[in-house]
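Colleague:
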Amino acid sequence: MSFLKPKTHIEQGDIVILYLSVNSMHAIEAVPTIVNKKGETIQHIFQTNYGSLKVESIIGVEYGSRVELSKGWANVLQPTPELWTQTLPHRTQIIYTPDISMILHQLEVRPGAVVIESGTGSGSLSHYFLRALKPTGHLHTFDFHEARADQARDEFKRHGLAAYVTVYHRDVCNLGFSSELDGAADAVFLDLPAPDLAVPHAFKALKLSGGRFCSFSPCIEQSQRCIQELTKLGFNEICSMEVLQQESVIKTRSLPVIDLEFLKLPKTNEPVAANTTPNAEESKTPKELKKYLTSSNPQTLPGHTGFLTFATLPPNIPKA
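Numbered according to our numbering, the sequence shown spans residues 1048 to 1367.
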């Protein structure tokens, strides 16, 4: 129940993030015993690079506390969608925080809204939707793979979020979102191989008062076909974008600077004898080293994730 609301202490059955370092985190269930592959009930001991943890020992501990491992220590944190995205079991390729933040912003997800999502996948984006929709909104999430839909349904239940989400096993490209959801959604999100096939169903699912649409596609051709369908159905404010996170490298550099004050001196027309050379002070250009705080792009840039296509359905468009 640890995703439902902020808590102070770990209770039995909570999902807990065991934080070792920024690149080493694990999601564990706070239960004293587990069933092994042989069907035997054994003590729940979690193994890490810094030794083992008797999971029973963290029940009742305050969130954020340091806990002892057999060869070191770790912190126990309450899960958030951001931490869950980094530790969840991958059933499919997932969407990460940079893209998710843009999706939530552009779809205007807020408490009380109704959002339709397809497909559910590993549930990374779903947890962000649910945090934004609670306590009065609802998420309808679809996946064509029955086992994944069942796993996601069980996961939401264990996380205490079942009241805010309905999971469907359904091929929305061919069957749509079901007639019960016609005109019910404030926003529709698609993560499908052929989003253009589901655009007409998204059109029917959005409210008569209008709504927002988003599709995530790894290939630009998918976005192009999606945009063609959106245009046919009367969507406007259509745009496609790619979110790339780029770090600025800040360094202090020492650079030679020419002192140009000598240019202000009056010029002389006196000829210089051929057999004479200017003295050292006259021949050199005045220079000095100065330190500057500089910003530059990294040598390697992050790779492509996907294209986000957004659109708005205006109000009162006939849906015959």
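From the three backbone atoms N, C-alpha and C, an ideal C-beta is built for every residue, glycine too.
What would DSSP say about residue 1378, mapped onto helix, strand or coil?
Modeller: Residue 1378 is absent from the model: the chain starts at 1048 and stops at 1367.
Colleague: List the endpoints of the continuous beta strand (DSSP E) containing residue 1297.
Modeller: For the purposes of this step, residue 1297 is taken as the residue at position 250 of the sequence shown. Looking at the DSSP string, the run of the beta strand (DSSP E) that includes residue 1297 is 1296-1305.
Colleague: Report buried or exposed for residue 1304, applying the criterion of at least 16 other Cβ atoms within 10 angstroms of its Cβ.
Modeller: The residue labelled residue 1304 in the question sits at position 257 within the sequence shown. Flag for residue 1304 reads exposed.
Colleague: Here's a check: name, in chain order, each residue in its chain whose Cβ is nearer than 7 Å to the Cβ of residue 1239, leaving out the five neighbours to either side.
Modeller: As a first step, residue 1239 must be located in the sequence shown, where it is residue number 192. Same-chain partners within the cutoff: 1165, 1166, 1220, 1245.
Colleague: Measure the CB-CB distance between residue 1145 and residue 1181 and report whether it falls below 9 Å.
Modeller: Taking the sequence shown and counting its residues from 1, one reaches residue 1145 at position 98. Taking the sequence shown and counting its residues from 1, one reaches residue 1181 at position 134. Against a cut-off of 9 Å, the Cβ pair of residue 1181 and residue 1145 comes out as no contact.
Colleague: Along the alpha helix (DSSP H) that carries residue 1028, what are the first and last residues, could you check?
Modeller: The structure shown does not extend to residue 1028, since the chain is modelled only from 1048 through 1367, so no value can be given for it.
Colleague: Mapping DSSP to helix, strand and coil, what is residue 1339?
Modeller: By 1-based counting over the sequence shown, the position of residue 1339 is 292. Residue 1339 falls in the strand class under three-state DSSP.
Colleague: In angstroms with no decimal places, state the Cα-to-Cα distance between residue 1176 and residue 1051.
Modeller: As a first step, residue 1176 is located in the sequence shown; it is residue number 129 there, counting from the start. As a first step, residue 1051 is located in the sequence shown; it is residue number 4 there, counting from the start. Cα to Cα, the separation comes out at about 13 Å.
Colleague: Under the DSSP definition of a beta bridge, which residues are partnered with residue 1162?
Modeller: Along the sequence shown, one-based indexing puts residue 1162 at 115. Its beta-bridge partners are 1186, 1234.
Colleague: Starting from the C-beta of residue 1130, find all residues in its chain whose C-beta is less than 6 Å away, skip the five residues before and the five after it, and write them out in chain order.
Modeller: Within the sequence shown, the letter at position 83 stands for residue 1130. Cβ within range, chain order: 1064.
Colleague: Output the boundary residues of the beta strand (DSSP E) element that contains residue 1094.
Modeller: As a first step, residue 1094 is located in the sequence shown; it is residue number 47 there, counting from the start. Residue 1094 -> beta strand (DSSP E) spans 1092-1095.
Colleague: Could you check where the beta strand (DSSP E) with residue 1065 kicks off and where it finishes?
Modeller: Locating residue 1065 in the sequence shown gives position 18, counting from the first residue. Per DSSP, residue 1065 belongs to the beta strand (DSSP E) from 1062-1068.
Colleague: Indicate whether the contact test is met: 3 or more Cβ pairs, each with one atom in the region 1134-1149 and one in the region 1095-1104, closer than 8 Å.
Modeller: No contact exists between the region 1134-1149 and the region 1095-1104.
Colleague: Give the straight-line distance between the Cα atoms of residue 1328 and residue 1344, rounded to the nearest whole angstrom.
Modeller: Your numbering for residue 1328 matches position 281 in the sequence shown. Your numbering for residue 1344 matches position 297 in the sequence shown. Low per-residue confidence applies at residue 1328: pLDDT is 49, beneath 50, and the placement is therefore not dependable enough to give any value.
Colleague: CB of residue 1146 to nearest heavy atom of the ligand GTP: below 8 Å?
Modeller: By its list of ligands, the structure shown contains no ligand whatsoever, and the ligand GTP lies outside what it can speak to.
Colleague: Does DSSP put residue 1055 in a helix, in a strand, or in coil?
Modeller: Sequence index remark: in the sequence shown, residue 1055 carries index 8 (1-based). Note: residue 1055 maps to coil in three-state DSSP.
Colleague: Just how far apart, CA to CA, sit residue 1368 and residue 1124?
Modeller: Residue numbering for the chain in the displayed model covers 1048 to 1367; residue 1368 lies beyond these limits and cannot be assessed.
Colleague: Measuring CB to CB, does residue 1247 end up less than 9 Å from residue 1280?
Modeller: Position 200 of the sequence shown holds residue 1247. Position 233 of the sequence shown holds residue 1280. In contact: residue 1247 and residue 1280 (Cβ atoms closer than 9 Å).
Colleague: Taking only the alpha-carbon atoms, compute the straight-line gap between residue 1262 and residue 1341 and give it to the nearest angstrom.
Modeller: As a first step, residue 1262 is located in the sequence shown; it is residue number 215 there, counting from the start. As a first step, residue 1341 is located in the sequence shown; it is residue number 294 there, counting from the start. Each residue's Cα considered, the two are about 38 Å apart.
Colleague: Short of 7 Å in beta carbon distance, which residues of its chain neighbour residue 1133, apart from the five on each side in sequence? Order them along the chain.
Modeller: Position 86 of the sequence shown, counted from the start, is the residue given in the question as residue 1133. Excluding positions up to five away in sequence, the list reads 1072.
Colleague: Apply the 10 Å Cβ neighbour rule to residue 1339 and answer buried if 16 or more other Cβ atoms are within range, or exposed otherwise.
Modeller: Locating residue 1339 in the sequence shown gives position 292, where the first residue counts as 1. So residue 1339 counts as exposed.
Colleague: Alpha carbons only, please: which of 1234, 1093, 1363 is nearest the one belonging to residue 1152?
Modeller: Taking the first residue of the sequence shown as position 1, residue 1152 is located at position 105. Considering only alpha carbons, the answer is 1234.
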